[in-house]
Amino acid sequence: MANKKMQKKKSNRQSIIIGVIALIIIVIGAYAVIRQPGSQNTNSTNPTAASTTSPVNSNGTKVLFQTTAGNITIQLRTDKPITTANFINIVQKGWYDGTIFHRVIAGFMIQGGAISQTTPSISDEIGTNNRNTPYTIAMAKTNQPNSATSEFFINVADNGANSPGFDSTYTVFGTVISGQSVVDAIANAPVTTNQQTGENSQPVNPVTLIKASIIT
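The numbers in the working numbering rise by one with no breaks, and the one at position 82 of the sequence shown is 86.
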């Protein structure tokens, strides 16, 4: 009789242990599913990973985008001097004026800055805090290092977290401090297939950057 009681207790203990292990496995599996990053289109011709935001220095130059969808104000970072100087130079020359946001992907980014003038490529400035978080602006480039020229994109998601290697590739040089709703409207506008790339990212009614100017 004593042996039967001991066996019963042992069986109950094993059942409890098995149940606890199963519960742990279920919890771990659920966490892994929640943390699974979404896929993003990051082809090499256009625009990892704590979720810290990119720094905004109140002394940084501010740039106003007047677009057909509304105004967007960007504050440039002071720790990316090569990139910001290049961007400011193009703004001051008026080369962004009249260009469009030619590549738009909801939940990813909006891209513009395809000017008709030729500009030299600039060096990447990745640094130690280069996070492509929502509403940050970064330079688009080819798959080659130091190949950015004039094109830029504004993130509408935490693309550094979603796409490993993104933050170590694209230089983040500013943040949208006003007009986030305009960015969202551009990002969620209807698109069609780009016949050259096959990507579903060509705006049906492209938003025009009427004028880019330095805010003094």
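For glycine and all other residues, C-beta sits at the position ideal for the given N, C-alpha and C.
None of the values given here were measured: they were computed from a predicted structure.
Beta-carbon separation of residue 75 and residue 183 under 9 Å?
Less than 9 Å separates the beta-carbon of residue 75 from that of residue 183.
Out of 127, 158, 214 and 118, which has the shortest C-alpha to C-alpha gap to residue 84?
127 is the residue among 127, 158, 214 and 118 whose C-alpha sits nearest the C-alpha of residue 84.
Tell me whether residue 125 sits in a helix, a strand or coil according to DSSP, three-state version.
DSSP places residue 125 in coil when its eight states are reduced to three.
Counting pairs of beta carbons, one from the region 152 to 162 and one from the region 105 to 124, are three or more of them closer than 8 Å?
The region 152 to 162 vs the region 105 to 124: in contact.
Can you tell me whether residue 216 is buried or exposed, with buried defined as 16 or more other CB within 10 angstroms of its CB?
With 16 or more other Cβ atoms within 10 Å, it is buried.
Would the beta-carbon of residue 123 fall within 9 Å of that of residue 153?
Going by C-beta atoms, residue 123 is nearer than 9 Å to residue 153.
Let me make sure I understand the geometry here. Which of 141, 140 and 125 has the alpha-carbon closest to that of residue 148?
Taking the Cα of residue 148 as reference, the smallest distance to any Cα among 141, 140 and 125 is reached at 125.
With DSSP as the reference, label residue 152 as helix, strand or coil.
Here residue 152 carries a strand assignment [DSSP, helix/strand/coil].
Where do the N-terminal and C-terminal ends of the alpha helix (DSSP H) with residue 256 fall, by residue?
Past the boundaries of the shown model lies residue 256; the chain is included only from 5 to 220, so the question cannot be answered.
Give the straight-line distance between the Cα atoms of residue 190 and residue 139, rounded to the nearest whole angstrom.
Their Cα atoms are separated by approximately 12 Å.
Look up residue 164 in the DSSP assignment and say whether it is helix, strand or coil.
If DSSP states are grouped into helix, strand and coil, residue 164 belongs with the helices.
What does residue 182 pair with, by DSSP beta-bridge criteria?
Answer by DSSP bridge pairing, in chain order: 77.
DSSP three-state label for residue 158, please.
When DSSP states are grouped into helix, strand and coil, residue 158 belongs to the strand group.
CB residue 214 to CB residue 79, shorter than 9 Å?
Not a contact, by the Cβ cut-off of 9 Å.
Proximity winner among 186, 187 and 210, relative to residue 194 (alpha-carbon distances):
Closest option to residue 194, Cα to Cα, is 210.
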